[in-house]
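K.L.:
Dropping the structure in here first, questions after.
Residue numbers (the numbering used here): 544 to 875.
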């Protein structure tokens, strides 16, 4: 089910040109860009598909509330850039606006020429993603922080990259731009036995380290774990960049993932009442795609082991009496 929320941005001429003996190529042009934020996931349906039992309803409601801001398709801030297409790839105009609404209008003056347009939504308060190389479309990237362990993203980031042919001699310049979410989300739901464990930590591993906006390409320069938020004693949730589409496309530094026949992993560390720690690595063999939510349910055994429930695509490897080597990263 797709939810569509449209943001209208009108690019209006603030200056004018005489229609006699003027070079119209240097005149401003009235343009309107209709932005549409597109959701590809019905968050509530995804959660209830896994948490179907009546006993699971409180957990489903809790996760729905936690993920609601992520899958709201609301633009809080918009970063809009227009680059030349004459081979120089120069930044012609940029505007950053705070919106906190689903519909708004801005006015700009833009010369009559063609542009490569890049728009990024909800990056200002994301916490873990930042914009780099913003002076040229070819170098415009969104990258994760350089910490050894990342935190869950606070916002869902949307992007768009599209030519804007404003040089056309036409009285009407209307362009439709679709904004797609580049963030993804995961929820881990544990059985009631989790409540008896003194401590549980969960990390998402195998996700992208960046995104090249103009070409809509995710980059994978290393496997930095993302710490999941503990929503309740039984629920963990995280928002991150997606995983690779296929193990064959994953770079060599992801060989541990490939060896486990997985595209991404959840590493779960359960501290038992006697102080020992059990590590369970949940290996998922399907991609964590941009704009999606994946919900994994597991039973917790007395020894801290996690056993996936009703999901043949999730395997588990367990290490009892696990000793902390100083990092939760995947071996590379």
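Glycine included, every Cβ here is placed at the ideal spot set by N, Cα and C.
Here the structure is a predicted model, which means the values were calculated and not measured.
#1: Quick one: is residue 503 buried, meaning 16 or more other Cβ sit within 10 Å of its Cβ, or exposed?
#2: Counting C-beta neighbours from all protein chains within 10 Å, is the total for residue 601 16 or more, i.e. buried, or is it exposed?
#3: On the premise that residue 838 lies in contact with residue 583, defined as a C-beta separation below 8 Å, what is that separation, rounded to the nearest angstrom?
#4: Judging by CA-CA distance, which residue of 571, 576, 761 and 865 is the nearest neighbour of residue 720?
#5: Tell me the rounded alpha-carbon separation between residue 671 and residue 689.
#6: Taking buried to mean at least 16 other C-beta atoms within 10 Å of its own C-beta, is residue 739 buried or exposed?
#7: Classify residue 494: buried if its beta carbon has 16 or more other beta carbons within 10 angstroms, exposed otherwise.
#8: Report buried or exposed for residue 780, applying the criterion of at least 16 other Cβ atoms within 10 angstroms of its Cβ.
#9: Out of curiosity, what's the CA-to-CA distance linking residue 727 and residue 763?
#10: DSSP puts residue 728 in a beta bridge; with which residues?
#11: Rounded to whole angstroms, what is the Cα-Cα separation between residue 731 and residue 722?
#12: Give the single residue among 656, 832 and 746 whose Cα lies nearest to the Cα of residue 634.
#13: Do residue 700 and residue 669 have their C-beta atoms within less than 9 Å of each other?
#14: Going by DSSP, what residue range makes up the alpha helix (DSSP H) through residue 865?
#15: Verify whether the separation of the beta carbon atoms of residue 769 and residue 697 is less than 9 Å.
#16: Within this structure, are the beta carbons of residue 578 and residue 624 separated by less than 9 Å?
#17: Suppose contacts are defined by Cβ-Cβ distances below 9 Å. Is residue 660 in contact with residue 614 by that definition?
#18: Can you check DSSP and say which residues form a bridge with residue 851?
#19: If residue 843 and residue 734 are in contact, beta carbons under 8 Å, what's the gap, nearest whole angstrom?
#20: In three-state terms, what does DSSP make of residue 601?
#21: What's the gap between the Cα of residue 664 and the Cα of residue 617?
#22: Is residue 625 helix, strand or coil when you go by DSSP?
#23: Thinking residue 610 and residue 849 are a contact (beta carbons under 8 Å), I'd like their distance in whole angstroms, please.
#24: Closest to residue 589 by CA distance: which of 580, 729 and 824 is it?
#25: Whole angstroms are fine: how far does the CA of residue 632 sit from the CA of residue 608?
#26: Can you list the beta strand (DSSP E) stretches of 3 or more residues lying completely in the stretch 732-775, in chain order?
#27: Which residues in the same chain as residue 860 place their Cβ atom closer than 8 Å to its Cβ, once the five residues preceding and following it in sequence are excluded?
P.N.:
On the basis of the data shown:
#1: A question about residue 503 goes unanswered here, because the residues of the chain that appear run from 544 up to 875.
#2: exposed
#3: Not quite, the Cβ-Cβ distance comes to about 16 Å (not below 8 Å), so this is no contact.
#4: 576
#5: 9 Å
#6: exposed
#7: Look at the range of the chain in this structure, 544 to 875, and you will see that residue 494 is not part of it.
#8: buried
#9: 15 Å
#10: 782 and 836
#11: 28 Å
#12: 656
#13: yes
#14: No alpha helix (DSSP H) contains residue 865, which DSSP labels as neither H nor E.
#15: no
#16: no
#17: no
#18: 841
#19: 5 Å
#20: helix
#21: If I take the Cα positions, the gap works out to 9 Å.
#22: strand
#23: Their Cβ separation, rounded to whole angstroms, is 21 Å, which puts residue 610 and residue 849 out of contact at 8 Å.
#24: Among 580, 729 and 824, the Cα nearest to that of residue 589 is on 729.
#25: 43 Å
#26: 742-748, 753-755 and 760-762
#27: 803, 823, 824 and 826
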